[in-house]
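Novice: One structure coming up, written as structure tokens, with questions to follow.
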Amino acid sequence: MSGLKAGDSFPDGVTFTYVKPTGDLNVTACGIPIKYDASKEFKDKKVVLVAVPGAFTPTCQEQHITSYLSNLDNLKAKGVDQVIFIASNDAWVMSAWGKANGINDEKILFMSDAGLEFSKTIGWIKGDRTLRYAIVVDHGKVIYADIDDVPKSISKSGAEAVLAKL
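Here you go:
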């Protein structure tokens with residue numbers, strides 16, 4: 110499969126791993142990673158799935174996550190039930206990244222696309238990292254999917270770009 114586009118069904122068999130938020134912002138407090146069945150969960154929700162090349166990397170930290178943090182209320186007002194960030198980092202690093210950004214609940218989930226399993230199936234990888242992309246899934250159907258093809262840009266995957274498509 111090469112990419113996803115509006116009108117496609119979100120694929121079956123997609124899982125990520127994550128550490129369920131506990132309310133604790135201590136980045137050294139480790140939980141046990143669990144599986145998240147994205148294919149199942151996305152059938153009943155409107156979800157914004159955001160992929161970044163890496164947690165704590167400059168563009169991802171300084172622009173990408175901040176665009177979503179500052180637009181959470183706007184996304185919710187447009188009917189978004191869940192925002193999920195994925196990267197090739199493991200579930201503990203992704204959890205720590207969420208905590209470092211003040212997320213101690215499920216308003217944004219930080220998950221691992223371990224081994225790039227999902228991103229590889231859609232061809233949106235570069236080496237051992239995901240490309241920077243956003244996919245909006247509304248009750249199992251893709252309504253928006255795009256890749257930022259300009260380095261250090263979030264013009265297609267940032268919260269503002271996603272909001273414009275909702």
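First residue of the sequence shown: 110, per this note's numbering; consecutive thereafter. Just so it is clear, CB atoms sit at the ideal spot from N, CA and C, and this is done for glycine as well.
Hey, which unbroken runs of the alpha helix (DSSP H) at 4 residues or more fall wholly within the region 162-235?
Specialist: 174-178, 181-186, 200-209 and 226-230, all fully within the region 162-235.
Novice: Hey, out of Gly112, Phe194, Glu215 and Lys185, whose CA is closest to Cys169's CA?
Specialist: For the purposes of this step, residue 169 is taken as residue 60 along the sequence shown, with counting starting at 1. If we check each option's Cα against that of Cys169, Phe194 comes out closest.
Novice: What does the Cβ neighbour count give for His173, buried or exposed, with the cut at 16 atoms within 10 Å?
Specialist: The residue labelled residue 173 in the question sits at position 64 within the sequence shown. Its Cβ being crowded by 16 or more others within 10 Å, His173 is buried.
Novice: Leaving out the 5 sequence neighbours to the left and right, which residues in its chain are closer than 7 Å to Asp247 when beta-carbon positions are compared?
Specialist: Numbered from 1 along the sequence shown, position 138 holds the residue referred to as residue 247. So the qualifying residues of the chain are Lys155.
Novice: For a test of the three-state rule: what should DSSP assign to Asp121, helix, strand or coil?
Specialist: Indexing the sequence shown from 1 puts residue 121 at position 12. If DSSP states are grouped into helix, strand and coil, Asp121 belongs with coil.
Novice: For Asp146, count the other beta carbons within 10 Å of its own beta carbon; 16 or more makes it buried, fewer makes it exposed. Which is it?
Specialist: In the sequence shown, counting from the first residue as 1, residue 146 sits at position 37. Its Cβ having fewer than 16 others within 10 Å, Asp146 is exposed.
Novice: Measure the alpha-carbon distance for Lys235 versus Leu134 and round it to whole angstroms.
Specialist: Counting from one through the sequence shown, the residue named residue 235 turns up at place 126. Counting from one through the sequence shown, the residue named residue 134 turns up at place 25. Roughly 31 Å separates the two Cα atoms.
Novice: May I ask you to list the residues that DSSP assigns as paired with Lys144?
Specialist: The residue given as residue 144 occupies position 35 in the sequence shown. Lys144 is bridged to Thr126.
Novice: Flag this pair as yes or no: are the beta carbons of Met220 and Phe119 separated by less than 7 Å?
Specialist: Counting from 1 along the sequence shown, the entry for residue 220 is found at position 111. Counting from 1 along the sequence shown, the entry for residue 119 is found at position 10. Not closer than 7 Å, so no.
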